[in-house]
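Residues in the sequence shown are numbered from -9 upward in steps of one, following my numbering.
What follows is a short report on a single structure.
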Amino acid sequence: MTLRKRHELQIAIDGPAGAGKSTVAKLVAKHLNLFYVDTGAMYRAIAYKALKSGISIDDEEMVSQMAQTTQVVLDHSEERLVWCDGENVTQAIRNPEISRAVSIVAAYIGVRQRLVELQRLEAARGGVVMDGRDIGTYVLPEADLKIFLTASAQERAKRRWLELQSAGKSVSLEEVTQDMLRRDRQDTEREVSPLEPARDAIILDTTGLNVEDIVAEILTLTQEG
Ligand code: DC
-9 MTLRKRHELQ IAIDGPAGAG KSTVAKLVAK HLNLFYVDTG AMYRAIAYKA
41 LKSGISIDDE EMVSQMAQTT QVVLDHSEER LVWCDGENVT QAIRNPEISR
91 AVSIVAAYIG VRQRLVELQR LEAARGGVVM DGRDIGTYVL PEADLKIFLT
141 ASAQERAKRR WLELQSAGKS VSLEEVTQDM LRRDRQDTER EVSPLEPARD
191 AIILDTTGLN VEDIVAEILT LTQEG
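In C-alpha cells, the structure reads:
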C-alpha cells in the first residue's frame, strides 16, 4: 500500500449498520487531524427532505429529481451538524422513521450520483475519513486504506438500541433488530453499489472488541506501507 502524505490520507470505512463505523471513523479522523465525512447522514437527509416535502419515498423519479437540487452540508465542527437546504437536521435524521425510509432512497441511482459527487468534492478538500457502504468500492476506489467493519447482528442491534435509548427514543430491541436486518438486506441486495467489502479492504470483526482497540488497529495500519 502506498500512502499519501498524512494530511492527505483517504481512509474508507464501510460496513453494515451498527458495526461501529461512525464512532471509529470520528476517532480515527480526530487522531489524524482529517475531516470526517458521514455519508449515511447525507442519504438520511435526502430521505428526511422527501418525507417532509410529501414526496412518496417509492417515487424514484421524484426523489431523484429532488436530490439534484438539495444542498446537503456536513459541518466539520465538534458538533458535526448536518444541514439540508439550510435546515439543521442533525437530530431529525436519526429518527426510526428515517432509518426505515433511507435504504429505499439509497437504492436510487439518481440519488447516489448526486451524493457521490458531493462526497468526492469533500475528499478533494484534503485528507478524509469517510464512512458508508460503498466508499472503498466506488466513492474513493484509490483510498489509502479500506476498512470493512462488521460485527454479529445481535451485537449490532444492541449497539443501535443503546444509542437510541440514550437519545431518549423509545423503541424495543426487537424492533431495532428487525429494522436493521431489513436495512442490511436492502443495502446488500440492491443493484447499484451494494454493500460489500472492496477486494483490497481489511475486514475487522468488532464483536466483543472495544472501540479503543479497533481505533488503535486502524492507526497502526495507516503507519504501514
Ligand atoms: O450509516 P447509516 O445507517 O446512517 O446509513 C443510512 C443508510 O444509507 C443505510 O441504509 C445505507 C445507506 N448508505 C448507502 O447506501 N451508502 C453509503 N455510502 C452510506 C449509507
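Quick reminder that beta carbons are idealized off the backbone N, C-alpha and C, glycines included.
If you're wondering where the values come from, they're calculated on a predicted model, not measured in any experiment.
Residue pairing of E77 in beta bridges, as defined by DSSP: C74. Restricting attention to Q61, E132, V14, R172, the CA atom closest to the CA of D203 is found in V14. Cα atoms of L(-1) and D134: separation of roughly 6 Å, rounded to the nearest angstrom. Taking V106 as the centre and dropping the five residues before and after it, the same chain places the C-beta of V129 closer than 6 Å to its C-beta, in chain order.
Between G8 and A141, the C-beta spacing is below 8 Å. When the alpha-carbon of L163 is set against those of P86, K16, R175, M32, the nearest one is in P86. Judged by beta-carbon spacing, I3 lies within the 8 Å limit of K11, meaning their Cβ atoms are closer than that value.
An exposed status is given to K159, since fewer than 16 other beta-carbon atoms sit within 10 Å of its beta-carbon. In the DSSP annotation of this structure, the continuous segment of the beta strand (DSSP E) that includes T140 starts and ends at 135 to 140. Taking the Cβ of T59 as the reference point, every heavy atom of the ligand DC lies at 7 Å or farther away.
For the set V166, Y26, K136, the Cα lying nearest the Cα of Q144 is the one of V166. Taken in chain order, the complete beta strand (DSSP E) segments of 3 or more residues contained in the stretch 135 to 198 are 135 to 140, 192 to 195. Secondary structure in the stretch -4 to 70: the beta strand (DSSP E) runs of 3 residues or longer, each lying completely within the stretch, are 0 to 4, 25 to 28, 62 to 64 in chain order. Here S93 is buried. Its C-beta has 16 or more other C-beta atoms within 10 Å.
Short of 6 Å from the beta carbon of Q176, and not among the five residues preceding or following it, lie these beta carbons of its own chain, in chain order: S93.
Assigned with DSSP and collapsed to three states, G122 falls in strand. Remark: the C-beta of V92 is in contact range of the ligand DC, defined as less than 7 Å to any heavy atom.
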